[in-house]
Amino acid sequence: MGLFKSKGEKELEHILFEMKCNLENNYKDSAHNARKRLMERADALYAEGKIKEKVYQKYRLIYEEYTERLKDYRH
């Protein structure tokens with residue numbers, strides 16, 4: 247892992263942090279929205295060439311893990 251992260255990766259980290267905070271505070275809808283936004287931004291940043299494939303795959307895996315974790319996380 248490099249010392250310096252791209253703006254795109256920092257943006258994805260911020261969304262991930264937001265999602266984790268929402269989960270810790272039991273804000274279910276906000277956590278689901280952040281999870282969805284994480285993948286949308288990762289897709290867009292990768293398509294624009296702003297993040298490398300390795301970074302994209304990392305966040306895709308995180309998205310899939312949280313999708314599985316949140317599948318029964320409803321009101």
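Numbering of the sequence shown is given in the working numbering, commencing with residue 247 and proceeding in unit increments.
Glycine included, every Cβ here is placed at the ideal spot set by N, Cα and C.
Asked	Found
In three-state DSSP terms, what is residue 273?	coil
Is the beta carbon of residue 284 sitting closer than 8 angstroms to the one on residue 277?	no
Taking the alpha carbon of residue 216 as the point to measure from, which residue in 308, 313, 295, 306 has its own alpha carbon closest?	It is not possible to answer for residue 216, since the shown part of the chain is limited to 247 through 321.
Just curious, the alpha helix (DSSP H) that residue 308 is in, first and last residue?	299–316
State buried or exposed for residue 307, treating a residue as buried only when at least 16 other CB atoms are found within 10 Å of its CB.	exposed
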